[in-house]
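Chemist: Numbering (this note's numbering), first residue to last: 310 to 411.
Where a beta carbon is used, it is the ideal one built from N, C-alpha and C, also for glycine.
Pasting a structure here, questions to come.
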């Protein structure tokens, strides 16, 4: 799956599971593993209409044995304190946090 499509899916699931809209987002920070170099994940966010949200992309540290081809997003958002945050791990990324139910 290409970077743009994978990022779009990740953001759509994250927004849906947490009942968030673009207005709730303060900023998004994306990281990709060193093997993903074809495109910035922020391009997908802009195409989804999130161009007014500050976006930042960075590369993960190249650690031996780390999960390859992984896109991560750290979302800063405004939401009610009593509403639990629902973290999103898709495909092989679920191995990163088996303690968090999907």
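Which value, in whole angstroms, describes the spacing of the CA atoms of residue 389 and residue 382?
Modeler: 20 Å
Chemist: Specify the secondary structure class of residue 376 as computed by DSSP and reduced to three states.
Modeler: coil
Chemist: How would you label residue 354, buried or exposed, when you count the other beta carbons within 10 angstroms and need 16 or more for buried?
Modeler: buried
Chemist: Does the region 393-406 come within contact of the region 332-352, defined as at least 3 CB pairs closer than 8 Å?
Modeler: no
Chemist: Please list the segments of the alpha helix (DSSP H) lying wholly inside the region 341-396, counting only runs of 4 or more residues, in order along the chain.
Modeler: 350-356
Chemist: Looking at the structure shown, is residue 329 part of a helix, part of a strand, or coil, going by DSSP?
Modeler: coil
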